[in-house]
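Just below is one structure, and these are the notes that go with it.
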Ligand SMILES: [Mn+2]
């Protein structure tokens, strides 16, 4: 395709109807470079039409396209061959070299798919878990996308909706929302749904089935794969558990590798922030990342702290805050001070149950929670509180932190295997099925949801007894 006069020639790849006007995107190659135009017109044109525009963006020629798939393939392949460079991730964590080399080809496929959606203007929905790891994931993806669009010299705002997810399940309601969002678009390339740091649950299966009819999907997660979860409908499901790794390879780390493969951008601080945020054994507290992690944890727990009215926070907003040095420093300091203050408050009101080789602590979150803000959230706070307790003790500690119908359990990694909390939870579910609604997690971090009618004090006493029985 060539440029005519001051204008361009290309293919209509997407349109959106807004009352009686339609907004179109036009994709083409100009001297081997992908170009991208947006235009609004009442003229009768449709998806796949081949259009020529003059320098005022007026349509001067329109032909219907007999060679559509060939021309689209040419745009895509030329873009990939001129801009996509196969790179090796500069990994600094030796233990995960093998897992990375195994999933890298899959990440490369996913990166190429994202590029295709970007140059064809397809709507993209990015959902990320609302914690430090999930928001690190979104931040890395955002910076990677900006960087590749810069390389293309594409001057347009990509059609991306960023949504922060409050649960670890992709619910049917989410799928319906996503399908509704794209319903006003028509595109030559299927829309893309990108999930980061959640969704690997059997409860997501219905929604995945529904969404797969309308979207191609890229799904980067590191949660243990639940029985009944079916990732086969997901175009690119990439989880370290399937490649000889485990949850210590966080979603943020996966997304930083993805962003690097996509654009060549190195994002080591974001990578480390995600590792710190999710208590990965690969977290490195002597390298930058702890401040960013504290900041992200606070912002995702309570976006209103920034003064924003919305409950959602986008990576663009994160990026602007991080780059406003004064504001960022003050938010980081506030996050750390609030966390320290809450840990101190909790330790003053905690109950201790001594066992032979470890201490069991029980903490009631409602006694010291922050009344003005949702930060810190109890589940994540329990990990910080265990850290605080570990510092004060010479023997390992176990923490049961309860709030409403939830009990959050944290166990020193040194005794996690011996204690086998998941076994204790399985027994509870079996013997007290009317009390325990749900429960699960990892060896060192688990949680239980009780039913409304349950007697929480009794259940906690039973857990303490079971824990002590393991300490022989
Ligand atoms: Mn995570």
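Numbering (the numbering used here), first residue to last: 1018 to 1489.
Using N, Cα and C, we set each Cβ at its ideal position, and we do this for glycine too.
Can you check whether the CB of residue j is closer than 8 angstroms to the CB of residue i?
i, j, result
"residue 1267", "residue 1295", "yes"
"residue 1451", "residue 1468", "yes"
"residue 1157", "residue 1273", "yes"
"residue 1424", "residue 1415", "no"
"residue 1113", "residue 1278", "no"
"residue 1037", "residue 1059", "yes"
"residue 1081", "residue 1049", "no"
"residue 1372", "residue 1426", "no"
"residue 1282", "residue 1276", "yes"
"residue 1461", "residue 1485", "no"
"residue 1001", "residue 1413", "Outside the displayed span of the chain (1018 to 1489) sits residue 1001, for which this structure offers no information."
"residue 1261", "residue 1119", "yes"
"residue 1129", "residue 1101", "yes"
"residue 1393", "residue 1291", "no"
"residue 1224", "residue 1191", "yes"
"residue 1359", "residue 1329", "no"
"residue 1411", "residue 1280", "no"
"residue 1004", "residue 1445", "The structure shown has nothing for residue 1004, since the chain only spans 1018 to 1489."
"residue 1310", "residue 1265", "no"
"residue 1083", "residue 1077", "no"
"residue 1123", "residue 1253", "yes"
"residue 1401", "residue 1356", "yes"
"residue 1306", "residue 1293", "yes"
"residue 1175", "residue 1162", "yes"
Between residue i and residue j, which are expected to be in contact by the criterion C-beta below 8 angstroms, what is the C-beta distance as a whole number of angstroms?
i, j, result
"residue 1151", "residue 1186", "Not really, about 13 angstroms apart at Cβ, beyond 8 angstroms."
"residue 1055", "residue 1042", "6 angstroms"
"residue 975", "residue 1089", "The first residue shown for the chain is 1018 and the last is 1489, placing residue 975 beyond what the model contains."
"residue 1198", "residue 1142", "6 angstroms"
"residue 1195", "residue 1209", "At roughly 11 angstroms, the Cβ-Cβ gap does not stay under 8 angstroms, so residue 1195 and residue 1209 are not in contact."
"residue 1287", "residue 1127", "Contact doesn't hold; Cβ gap of about 18 angstroms is too wide."
"residue 1046", "residue 1092", "6 angstroms"
"residue 1228", "residue 1138", "20 angstroms between Cβ atoms; not a contact."
"residue 1538", "residue 1243", "Missing from the structure shown is residue 1538; the chain here goes from 1018 to 1489 and no further."
"residue 1212", "residue 1238", "7 angstroms"
"residue 1068", "residue 1029", "6 angstroms"
"residue 1106", "residue 1095", "No, residue 1106 and residue 1095 are not in contact; Cβ-Cβ is about 26 angstroms, not under 8 angstroms."
"residue 1027", "residue 1205", "About 12 angstroms separates the two Cβ atoms, so there is no contact after all."
"residue 1370", "residue 1481", "5 angstroms"
"residue 1202", "residue 1039", "Rounded, the Cβ-Cβ distance is 11 angstroms, inconsistent with contact."
"residue 1299", "residue 1132", "Incorrect: roughly 29 angstroms between the Cβ atoms, too far for contact."
Check whether the stretch 1134-1153 and the stretch 1178-1185 are in contact - that is, three or more C-beta pairs closer than 8 angstroms.
Contact between the stretch 1134-1153 and the stretch 1178-1185 is present, because at least three Cβ pairs lie under 8 angstroms.
Do the stretch 1415-1424 and the stretch 1376-1385 touch if we need at least three Cβ pairs shorter than 8 angstroms?
The stretch 1415-1424, when compared against the stretch 1376-1385, does touch it at the 8 angstroms Cβ threshold.
Do the stretch 1352-1359 and the stretch 1309-1320 make contact, defined as three or more Cβ pairs closer than 8 angstroms?
Put simply, the stretch 1352-1359 touches the stretch 1309-1320. At least three CB pairs are less than 8 angstroms apart.
Mind pulling the beta strand (DSSP E) runs of 3 or more residues that sit fully within the stretch 1226-1282?
Fully enclosed beta strand (DSSP E) runs of no fewer than 3 residues occupy 1233-1237 and 1253-1255 of the stretch 1226-1282, in order along the chain.
Those runs of the beta strand (DSSP E) which lie wholly inside the stretch 1364-1446 and span at least 3 residues:
Whole beta strand (DSSP E) segments, 3+ residues: 1368-1371, 1376-1381, 1414-1420 and 1423-1428.
Three or more C-beta pairs closer than 8 angstroms, one from the stretch 1431-1451 and one from the stretch 1459-1479: is that the case here?
Segments in contact, yes.
Is the stretch 1434-1445 touching the stretch 1400-1408, taking contact as three or more C-beta pairs under 8 angstroms?
Verdict: no, contact absent.
Inside the stretch 1141-1178 only - beta strand (DSSP E) runs reaching at least 3 residues:
DSSP runs (the beta strand (DSSP E)) wholly in the stretch 1141-1178: 1141-1146.
Which complete alpha helix (DSSP H) runs does the stretch 1044-1102 hold, if anything under 4 residues is left out?
With a minimum length of 4 residues, the unbroken runs of alpha helix (DSSP H) contained wholly in the stretch 1044-1102 fall at 1085-1100.
Does the count of Cβ pairs from the stretch 1325-1343 and the stretch 1359-1374 closer than 8 angstroms reach three?
Contact between the stretch 1325-1343 and the stretch 1359-1374 is absent, because fewer than three Cβ pairs lie under 8 angstroms.
Minimum length 3: unbroken beta strand (DSSP E) runs contained in the stretch 1289-1326:
As for any beta strand (DSSP E) of minimum length 3 sitting wholly inside the stretch 1289-1326, there is none.
Note down, one range per segment and in chain order, each alpha helix (DSSP H) of at least 4 residues found wholly within the stretch 1458-1488.
Every alpha helix (DSSP H) stretch that sits fully inside the stretch 1458-1488 and reaches 4 residues is listed by chain position as 1473-1486.
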